[in-house]
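All remarks here apply to the structure that follows.
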Amino acid sequence: MALMRTLLSASASLLREEGPLLAGAVRGFATKSTTNGVPVEVHNEGGKKRVIVTKPLPGDRWLNILKQADCRVEISQHPDTILSNATVKALIGNKCDGVIGQLTEDWGSELFEALKQAGGKAYSNYAVGYNNVKVEEATKRGIPVGNTPGVLTETTAELAAALTLAAARRVPEADVFMRAGRYQGWLPTLFVGNLLQNKTVGIIGAGRIGAAYARMMVEGHKMNLVYYDPYPNKKLEDYIRQYGELLRHNGEPPVAVRRVETVEEVLKEADVVSLHCNLDKATHHLMNASRLNMMKKNAVLVNAARGPVIDEAALVAHLRANPDFRCGLDVFEDEPAMKAGLADCPNAVIVPHIASASLWTRSGMATLAAANVAAILSGHAVWPKPDAIQPFIDRPLAALPAAAPSIVNAKELKLKFADASA
Numbered sequence: 054m055a056l057m058r059t060l061l062s063a064s065a066s067l068l069r070e071e072g073p074l075l076a077g078a079v080r081g082f083a084t085k086s087t088t089n090g091v092p093v094e095v096h097n098e099g100g101k102k103r104v105i106v107t108k109p110l111p112g113d114r115w116l117n118i119l120k121q122a123d124c125r126v127e128i129s130q131h132p133d134t135i136l137s138n139a140t141v142k143a144l145i146g147n148k149c150d151g152v153i154g155q156l157t158e159d160w161g162s163e164l165f166e167a168l169k170q171a172g173g174k175a176y177s178n179y180a181v182g183y184n185n186v187k188v189e190e191a192t193k194r195g196i197p198v199g200n201t202p203g204v205l206t207e208t209t210a211e212l213a214a215a216l217t218l219a220a221a222r223r224v225p226e227a228d229v230f231m232r233a234g235r236y237q238g239w240l241p242t243l244f245v246g247n248l249l250q251n252k253t254v255g256i257i258g259a260g261r262i263g264a265a266y267a268r269m270m271v272e273g274h275k276m277n278l279v280y281y282d283p284y285p286n287k288k289l290e291d292y293i294r295q296y297g298e299l300l301r302h303n304g305e306p307p308v309a310v311r312r313v314e315t316v317e318e319v320l321k322e323a324d325v326v327s328l329h330c331n332l333d334k335a336t337h338h339l340m341n342a343s344r345l346n347m348m349k350k351n352a353v354l355v356n357a358a359r360g361p362v363i364d365e366a367a368l369v370a371h372l373r374a375n376p377d378f379r380c381g382l383d384v385f386e387d388e389p390a391m392k393a394g395l396a397d398c399p400n401a402v403i404v405p406h407i408a409s410a411s412l413w414t415r416s417g418m419a420t421l422a423a424a425n426v427a428a429i430l431s432g433h434a435v436w437p438k439p440d441a442i443q444p445f446i447d448r449p450l451a452a453l454p455a456a457a458p459s460i461v462n463a464k465e466l467k468l469k470f471a472d473a474s475a
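Just so we're aligned, residue 54 is where the sequence shown starts under the numbering used here, counting upward by one.
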């Protein structure tokens, strides 16, 4: 009994430390069923509002939010990694109030029409980005579209930093070498990489994630920063200048920050370039053969933004022609496929779109997506500060704001905005 009390006490302490986001590791009662031939896991079977979730999501907080809003939740158990439109339509069926979908799904006129015909009133992407969503098609049909900002910043920036270090110091190459049993002893020239300390880091796009990555590299490695963004990030510039003054005060060389007018200036000057721009017509294939050739021969290129920002075929050719050039990629042009030859480049670090894959972030994304759908179905207003969503993450369920955290077409639909001070 004493041991049992100790274990229970330790478990309770862990849940208190992790906070409400991860509390409730064991899910409530669920039943197995099928919806038009698609296997689903059903929670809160008697709920009055039917919500479809196209993939299982981490944590339980999101599920409890939907149950608290009297939603019957059906979670797809379909074995396909990426669901076809036909499968999603089968899940929607003839009566569906809301959907939480994935960035791998094609949410355009076909799916939004199916949702509208089923009486749907809400959709939320389980992502901060929504390149897979034709928002105008949802707006035409009066369907609010949610996303999940504010919980991916540090997690994504950390992964970009990890790719930077792994590429610069040739960590994956060395790992493969060791696992193959090829290590015979220390050598002066074995897997010599690049030191980042006191070098220059460049970022394309100085929004939340780009700025967080920049701070990590500047503070962690005392790198100078050069960045391109159509809009100056004065907060980031002031932060780095103040850090430079701290270094100077301690007798160390200060770091510098500079915003430049063109992408090309960043590419020519930086030892590391990390991409943090949106994907649109202007940034599609931003990194093409010409711009890759502007970079230093031993530079590192990192992409944790969107795959088509890089002309991947041109990158493969560049990696082959320049063995000292390295890249770290979390996203790919034709995801989940890679361009021919990329997997064979030892100077490429490649991971399967895991920039947001920390438990805190993925659970937080689920919480926000569920809160978007639950709030719209409950007739609540829209939270006016989608960049300040901590109340949805930190507060107990009973004290959640009565609002949808982030609806990207709220103004177009003339939805009411909540009072954030409440």
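Every residue, glycine too, gets a C-beta built ideally from N, C-alpha and C.
message: Please give the ranges of any beta strand (DSSP E) in the stretch 230–316, keeping only runs that are unbroken, at least 3 residues long and fully inside the region.
response: Secondary structure in the stretch 230–316: the beta strand (DSSP E) runs of 3 residues or longer, each lying completely within the stretch, are 253–257, 277–281 and 310–312 in chain order.
Coarse secondary structure for alanine 452, derived from DSSP in three states: Correct three-state label for alanine 452: helix.
- request: State the Cα-Cα distance for the pair alanine 441 and glycine 203, rounded to the nearest angstrom.
  value: For alanine 441 and glycine 203, the distance between alpha carbons rounds to 7 Å.
- prompt: The beta strand (DSSP E) with glycine 381 in it runs from where to where?
  reply: Unbroken beta strand (DSSP E) run through glycine 381: 379–382.
- prompt: How far does the beta strand (DSSP E) with alanine 323 in it reach, from first residue to last?
  reply: Segment: none, alanine 323 is in no beta strand (DSSP E) and carries neither H nor E.
task: Drop a sphere of 10 angstroms on the beta-carbon of glutamine 155, count the other beta-carbons inside from all chains shown, and report buried for 16 or more, exposed for fewer.
output: It counts as buried.
- prompt: Among Gln250, Asn356, Asn341 and Ser86, which has the Cα closest to the Cα of glycine 381?
  reply: Considering only alpha carbons, the answer is Asn356.
field: Reference alanine 419, options Ala335, Glu465, Ala171 and Ala180, closest by Cα
entry: Cα-wise, what sits closest to alanine 419 is Ala180.
- prompt: Tell me which same chain residues have a C-beta within less than 6 Å of the C-beta of alanine 408, skipping the five on either side of it?
  reply: If the five residues before and after alanine 408 are omitted, its C-beta is found closer than 6 Å to the C-beta atoms of Thr209, Leu212, Ala357 and Asp383, all from its own chain and listed in chain order.
- prompt: Between glycine 172 and lysine 193, is the Cβ-Cβ spacing less than 8 Å?
  reply: No, the pair does not count as a contact, with Cβ atoms beyond the cut-off.
message: Using a 10 Å radius around the Cβ and a threshold of 16 neighbouring Cβ atoms, would you call histidine 302 buried or exposed?
response: Counting the other CB atoms within 10 Å of its CB gives histidine 302 a total below 16, which places it among the exposed residues.
- prompt: Any idea what DSSP makes of phenylalanine 470, helix, strand or coil?
  reply: Annotated three-state conformation of phenylalanine 470 is strand, per DSSP.
field: DSSP state of threonine 336 mapped onto helix, strand, coil
entry: Look at threonine 336 here: in three-state DSSP terms it is coil, with no helix or strand label.
Tyrosine 280, buried or exposed, once every other Cβ within 10 Å from all chains shown has been counted against 16: A residue is called buried when at least 16 other Cβ atoms come within 10 angstroms of its Cβ; tyrosine 280 meets this threshold and is buried.
Burial state of asparagine 97 (16 or more Cβ within 10 Å): In this structure asparagine 97 is buried. Its beta-carbon is surrounded by 16 or more other beta-carbon atoms within 10 angstroms.
- prompt: Looking at C-alpha atoms only, which residue of Val325, Ala451, Cys330 and Asp333 is the closest neighbour of lysine 350?
  reply: That would be Val325, whose Cα lies nearest to the Cα of lysine 350.
- request: Over the uninterrupted beta strand (DSSP E) stretch that includes valine 93, give me the two end residues.
  value: Its beta strand (DSSP E) spans residues 91–96.
- request: Keeping to the same chain, check which residues put their C-beta closer than 6 Å to that of lysine 101; ignore five residues upstream and five downstream.
  value: The residues are Asp123.
query: Residues bridged to valine 355 by DSSP?
result: BP columns for valine 355 point to Ser327 and Gly381.
Range covered by the alpha helix (DSSP H) that runs through lysine 142: Here the alpha helix (DSSP H) through lysine 142 covers 138–145.
query: Alpha carbon to alpha carbon, how far is arginine 69 from threonine 134?
result: With a pLDDT of only 36 at arginine 69, under the threshold of 50, the placement of this residue in the model should not be trusted, and no figure is reported.
- prompt: glycine 360 by DSSP, collapsed to three states: which one?
  reply: Here glycine 360 sits in helix by DSSP.
query: Looking only at its own chain, which residues have a Cβ that is under 7 Å from the Cβ of alanine 473, when we skip the five neighbours before and after it?
result: The residues are Trp436, Pro437 and Lys438.
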